[in-house]
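Notes follow the structure.
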Amino acid sequence: MGKRIAAKITGVGGYVPPQVLTNADIAKLVDTNDQWIRERTGISERHIVEPGVATSHLATAAAQTVLEKTHTAPEEIDLIIVATVTPDMLFPATACLVQNRIGASRAWGFDLSGACSGFLYALTVGAQFIGAGTHRKALVIGADVMTSIINYEDRSTCVLFGDGAGAVLVEPADSGSDGILDFNHDIDGSGGDCLCMPAGGSLHPPSHETVDRKMHYVHQSGSQVFKYAVRRMAEVSCELLERNGFTHQDVSLVVPHQANLRIIRAMQERLGVDDSKVLVNIDRLANTTGGTIPLGLRDAESQGRLHKGDLVLLVSVGAGYTTGGMLLRWAY
Ligand SMILES: CC(C)(COP(=O)(O)OP(=O)(O)OC[C@H]1O[C@@H](n2cnc3c(N)ncnc32)[C@H](O)[C@@H]1OP(=O)(O)O)[C@@H](O)C(=O)NCCC(=O)NCCS
2 MGKRIAAKIT
12 GVGGYVPPQV
22 LTNADIAKLV
32 DTNDQWIRER
42 TGISERHIVE
52 PGVATSHLAT
62 AAAQTVLEKT
72 HTAPEEIDLI
82 IVATVTPDML
92 FPATACLVQN
102 RIGASRAWGF
112 DLSGACSGFL
122 YALTVGAQFI
132 GAGTHRKALV
142 IGADVMTSII
152 NYEDRSTCVL
162 FGDGAGAVLV
172 EPADSGSDGI
182 LDFNHDIDGS
192 GGDCLCMPAG
202 GSLHPPSHET
212 VDRKMHYVHQ
222 SGSQVFKYAV
232 RRMAEVSCEL
242 LERNGFTHQD
252 VSLVVPHQAN
262 LRIIRAMQER
272 LGVDDSKVLV
282 NIDRLANTTG
292 GTIPLGLRDA
302 ESQGRLHKGD
312 LVLLVSVGAG
322 YTTGGMLLRW
332 AY
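The following block contains the structure:
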């Protein structure tokens, strides 16, 4: 049996900064070209921040879109969780900066580090407080400024990422059948070296040496991450469907983490769902890490692809490794 949480998403929103970095722009920085990037990743362009714009700014803007859409006053928010690996600072938490800017005077909150699965983990944690009945409204945000930790001399990573934030409002589910039906998460720390930012933490505090050695940037073994992501995203999805008595035919929409279009297509092939049931926005937004799934929900809603009663599957793999899967009966 699944792990139902009596909580539902009641609004989705997001924000990406206006400036666009195209593949042609990147080809001026490193030895790459538009065709390679599009064919190997599915990405055409990504949005990037101006200097001085940080994760909290994107997260705040994303939160405000949800508050407006759901006609929610900031004082009604009980809890704010920000999933991010690029906080403005190691402390205070980005959630505190967002809380202050939106005026959520009654809220508590914190940041959660789960890389590309961070949003699903944050949504699960936030939903537990709603399901337990101790909180009425939780704001769950996935936000990252990946450009702050990307080496624009490394062609194998710099083409992949963009900046952005998405947010959802979580409230109590009012019937036995809508909202979060189940989740299926796990971590596998043996993959930690495959995708990481080696310096800047307590192991390698920032120094001239760490900067000279470019240890404050994303390092990854692309092909290992690729294979792990395809396998685990398919496995958690199949497990989720099977243990809840569904097949791929019952799924209305899959919103996968957007790391590489080839990962998404390989995963959906294993799952047996066709393109019409899979949300893809990697072509325009690239990989925004914490932002991909809520931004995917935002885009699905604006494209009219989310309806009350739909069975929606959210799935991710990220640095750690972290794997996340969630099955929802869409509630509005
Ligand atoms: C990074 C990634 C796009 C590379 O694609 P790939 O098809 O696996 O390519 P490979 O790593 O096998 O490299 C093939 C060649 O392309 C080259 N290459 C890498 N990036 C390139 C680029 N931007 N432009 C042109 N060539 C590039 C490599 O140097 C390599 O050249 P070589 O054969 O002369 O050594 C792919 O592995 C990937 O997406 N991995 C997952 C990354 C990810 O999702 N990270 C976030 C997880 S949440």
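Numbering of the sequence shown is given in my numbering, commencing with residue 2 and proceeding in unit increments.
Beta carbons are placed, not taken as given, at the ideal position from N, Cα and C, and that holds for glycine.
N- and C-terminal bounds of the beta strand (DSSP E) containing residue i
i	result
Ile181	Gly180 to Phe184
Glu46	Glu46 to His48
Glu76	Segment: none, Glu76 is in no beta strand (DSSP E) and carries neither H nor E.
Val141	Ala139 to Val146
Ile151	Note, Ile151: premise wrong, no beta strand (DSSP E); not H, not E.
Thr33	Careful: Thr33 lies outside any beta strand (DSSP E) and carries neither H nor E.
Ile10	Ala8 to Tyr16
Pro93	Counting along the chain, Pro93 falls outside any beta strand (DSSP E), and DSSP gives it neither H nor E.
Pro257	Leu254 to Pro257
Nearest neighbour of residue i, chosen from the options [CA to CA]
i	options	result
Leu113	Thr85, Asp35 and Ala168	Thr85
Thr260	Leu68, Ser238, Ala235 and Leu286	One detail in the question is off: residue 260 reads as Ala in this sequence, not Thr. The candidate whose alpha carbon is nearest that of Ala260 is Leu286.
Gly202	Asp26, Val141, Leu91 and Gln304	Leu91
Leu51	Ser149, Ala235 and Ser176	One detail in the question is off: residue 51 reads as Glu in this sequence, not Leu. Answer by Cα proximity: Ser149.
Arg244	Asn185, Ile81 and His258	Asn185
Val99	Gly143, Gly325, Thr125 and Gly134	Gly143
Leu296	Thr66, Ser45 and Arg5	Thr66
Val169	Gly43, Thr11 and Ile6	Thr11
Thr289	His258, Val279 and Arg306	His258
Gly192	Val274, Ile283 and Ser224	Ser224
Tyr218	Leu328, Glu76 and Val146	Val146
Tyr16	Trp331, Arg330 and Asp300	Asp300
Thr73	Arg271, Ile44, Asp155 and Glu172	Glu172
Asp32	Leu280, Asp155 and Ile283	Asp155
Gly292	Asp26, Cys117, Leu262 and Met268	Cys117
Ser176	Gly310, Thr125 and Val237	Gly310
Unbroken alpha helix (DSSP H) run spanning residue i, endpoints
i	result
Phe227	Gly223 to Arg244
Leu286	Ile283 to Leu286
Ala267	Leu262 to Leu272
Val296	Before going on, a small fix: residue 296 reads as Leu here, not Val. Segment Thr293 to Ser303, the alpha helix (DSSP H) holding Leu296.
Pair within 8 Å by beta-carbon distance, residue i and residue j
i	j	result
Ile294	Phe120	yes
Val83	Glu302	no
Ile188	Tyr322	yes
Leu254	Gly165	no
Ile151	Gly110	no
Arg5	Asn24	no
Gly163	His308	no
Asp89	Thr56	yes
Thr158	Gln221	yes
Ala63	Gly167	yes
Val226	Cys197	no
Thr87	Val160	no
Leu182	Arg306	no
Leu30	Tyr153	yes
Glu76	Ser106	yes
Asp284	Ile44	yes
Pro19	Val54	no
Integer-rounded CB distance, given that residue j should sit under 8 Å from residue i
i	j	result
Asp213	Arg137	Between Arg137 and Asp213 the Cβ distance is about 51 Å, and since that is not below 8 Å, they are no contact.
Val313	Val256	7 Å
Met234	Val316	5 Å
Tyr122	Gly326	Rounded, the Cβ-Cβ distance is 11 Å, inconsistent with contact.
Ala242	Thr248	Note on residue identity: the sequence assigns Leu, not Ala, to residue 242. About 6 Å separates the two Cβ atoms, so the contact holds.
Ala128	Ala28	Not a contact, Cβ separation roughly 42 Å.
Residues sharing a beta bridge with residue i, DSSP
i	result
Lys215	Looking at the DSSP assignment, Lys215 forms no beta bridge with any residue, so it has no partner.
Thr324	Asp187 and Val318
Leu113	Ala84
Thr23	Glu46
Phe162	Asn288
Arg102	DSSP, once it has assigned bridges, lists no residue as partnering Arg102.
Gly134	None; Gly134 has no bridge partner.
Arg330	Gly180 and Leu312
Glu172	Lys9
His220	Cys197
Gly167	Gly15 and Gly143
Val279	Val255
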